[in-house]
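Residue numbers (this note's numbering): 6 to 538. Reviewing the structure listed below.
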């Protein structure tokens, strides 16, 4: 049995016993009724989330927070920024940082254990494990409480609906730009190989090919390739989830003759996979993409090994900053030059741009009833999250301490060049931010690249491909979704790397249908029939 097969089997078994374990854990914690006594007296408070004198009179709020981390370094509990957060919020915080590439697995294991932190990041609100847990009462429904807080009360109603489960919100959403996804690429490499910014899929392919074959970094060695993919990149490999749209594939579900059809049943989906296989076969993408840690995603770009990332557009400026920092250490930096450029996407056969939207949020921060047992405790935790959304707190979590991690330059902030210090003391803390009612932090200087990023993200909104089943909660998917997703994910990876051919791909799609896919399609169409225009 292959390692992939064993992992798929383990995940399928996990989904089976997960719900039972969650329900047992809920029963063990007494259901979290408002009358429960707090297990930790330090969590007791007045329940109104107010700051000032009332907060100072309370014992510090003890919090354990589980978050994803995208770097190999991360802020420690006793770091200067964490200590400042604790001081301002009257709290004691312990972070459980989890590498983003393995976060989904760690989340499910933690959920099944019943030993949950005070606040836990949920990357996929519609994941079967979380839906089952939430509907079983494992998490607080926070929606009814938000109006009592000055910042959280400003939550966007549309995003609240998108992040809900059957109209109920089991966490605080983390707001994001709707048209955020796109392409970042080495502009200096593109100039070196004599190409223009790609406009079509063929142009995009030509860029990747040139980045491999035409010595784009001009070091005289055959040591570069086109695009970096990693184990986690969005939904499964956001590179693919964006690229498939260029070929006319829908976003998860499409509509044919008034009926919902899953994306992988479209011929355009297979065409997109054939394109990815071509990139793999020609070594235009990294051969280890299925296991590469997303914490190292940008490293090949910064280190002159690869030239393209298909992800969020704003990754471009972050990569550009890292390239500048690396060159500055060598005394070779050109401060006024941008090494990275960005675009929203490229056009396919229909000549139109199709971009992958966010849902207006990137996961939620959920509050388990097993660790936050009473309404009184819940109000203090919500008060903590509310306070983080004050403008000065958003700046603190984004950039750190003035004079230590950044310096003010007029109305802007200028981060220090010490990337190791920033990673080990600041970066990652903004994973706690909901940006509710909006992003009110100070900004870095709006360079031409950052201005362009904002323009691209705004322009993308005109071309987004929406998921018509975005808000549906399926009973079938709650029970079998993880297994069904594994069938498709495993098949497309195997197809890209050549372990199965197109007949094998179709066979896997047939297994999906017989394993519960047909039932899922029927149920989703039943739900769609109730709301379709």
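Note that beta-carbon positions come from the ideal geometry of N, C-alpha and C, so glycine has one too.
Review point. Start and end of the alpha helix (DSSP H) containing residue 180?
Key: Run containing residue 180: none in the alpha helix (DSSP H); it sits in the beta strand (DSSP E), 177 to 180.
Exercise for review: Please determine, among 219, 364, 188 and 213, the residue with the shortest C-alpha to C-alpha distance to residue 291.
Suggested key: 213
Review point. Are the beta-carbon atoms belonging to residue 482 and residue 525 less than 7 angstroms from one another?
Key: yes
Point to revise | residue 385 classed as buried or exposed, judged by whether at least 16 other C-beta atoms fall within 10 angstroms | key: buried
Check your understanding: First and last residue of the alpha helix (DSSP H) that includes residue 282?
Key -> 272 to 286
Review point. Hey, how far is the Cα of residue 221 from the Cα of residue 338?
Key: 18 angstroms
Check your understanding: Could you give the residue range of the beta strand (DSSP E) that holds residue 371?
Key -> 366 to 371
Check your understanding: What are the boundary residues of the alpha helix (DSSP H) that includes residue 491?
Key -> 480 to 501
Check your understanding: So what's residue 65 in DSSP terms, helix, strand or just coil?
Key -> coil
Check your understanding: Where residue 102 and residue 398 are concerned, what is the direct C-alpha to C-alpha distance, given to the nearest angstrom?
Key -> 20 angstroms
Check your understanding: Tell me, which residues are paired with residue 191 by DSSP?
Key -> 345
**Study point:** Residues near residue 217 by beta carbon distance below 7 angstroms, same chain, minus five either side
**Key:** 229, 230, 231, 288 and 289
Practice item. For residue 151, collect the residues of the same chain with a Cβ closer than 7 angstroms to its Cβ; drop the 5 residues on either side in sequence, then sort them by chain order. Key: 157, 158 and 160
Practice item. Going by CA-CA distance only, name the one from 131, 107 and 259 that's closest to residue 368. Key: 131
Exercise for review: Mind checking which residues open and close the beta strand (DSSP E) that includes residue 231?
Suggested key: 230 to 232
Practice item. Tell me, please, which residues DSSP counts as bridged to residue 126. Key: 370
Check your understanding: Residues in its own chain within less than 7 angstroms of residue 200 by CB, not counting five upstream and five downstream?
Key -> 211, 212 and 215
Point to revise | Beta-carbon spacing of residue 366, residue 185 below 7 angstroms | key: no
Review point. Measuring CA to CA, which of 430, 457 and 389 is closest to residue 123?
Key: 389
Practice item. Write down every uninterrupted run of the alpha helix (DSSP H) in the segment 73 to 152 whose length is 4 residues or greater and which is fully enclosed by it, in chain order. Key: 85 to 94, 108 to 118 and 133 to 140
**Study point:** Nearest residue (CA-CA) to residue 584, options 480, 475, 495 and 522
**Key:** Nothing about residue 584 can be reported from this structure: the residues present for the chain run from 6 to 538 only.
**Study point:** Other residues of its chain near residue 236: CB distance less than 7 angstroms, five sequence neighbours each side excluded
**Key:** 106, 295, 296, 297, 298 and 299
Check your understanding: In whole angstroms, what is the alpha-carbon distance linking residue 324 and residue 345?
Key -> 7 angstroms
**Study point:** Paired residues, beta bridge with residue 360 - DSSP
**Key:** 469
Review point. Under a Cβ-count criterion, where at least 16 other Cβ atoms within 10 Å of its own Cβ denotes burial, should residue 181 be classed as buried or exposed?
Key: buried
Exercise for review: To the nearest angstrom, report how far apart residue 37 and residue 147 are at their CA atoms.
Suggested key: The predicted position of residue 37 is uncertain, since its pLDDT is 36 and thus under 50; a value taken from the coordinates is nonetheless stated next. Roughly 13 angstroms between the two C-alpha positions.
**Study point:** Proximal residues to residue 129 (C-beta, below 6 angstroms), its chain only, five neighbours per side dropped
**Key:** none
Practice item. Measure the Cβ-Cβ separation of residue 254 and residue 274 and say whether it is below 7 angstroms. Key: yes
Practice item. Name the two residues that bound the continuous beta strand (DSSP E) containing residue 420. Key: 417 to 420
Point to revise | Distance between residue 317 and residue 190 (C-alpha atoms, nearest Å) | key: 12 angstroms
Check your understanding: Is the segment 426 to 441 touching the segment 404 to 412, taking contact as three or more C-beta pairs under 8 angstroms?
Key -> yes
**Study point:** Same chain only: Cβ atoms within 6 angstroms of residue 94, ignoring 5 sequence neighbours per side
**Key:** 389 and 392
**Study point:** Sheet register partners of residue 70 (DSSP bridge)
**Key:** 100 and 124
Practice item. State buried or exposed for residue 342, treating a residue as buried only when at least 16 other CB atoms are found within 10 Å of its CB. Key: exposed
**Study point:** Simplified DSSP assignment, three categories, for residue 256
**Key:** strand
Practice item. Measure the C-alpha to C-alpha separation of residue 358 and residue 381 and round it to an integer number of angstroms. Key: 50 angstroms
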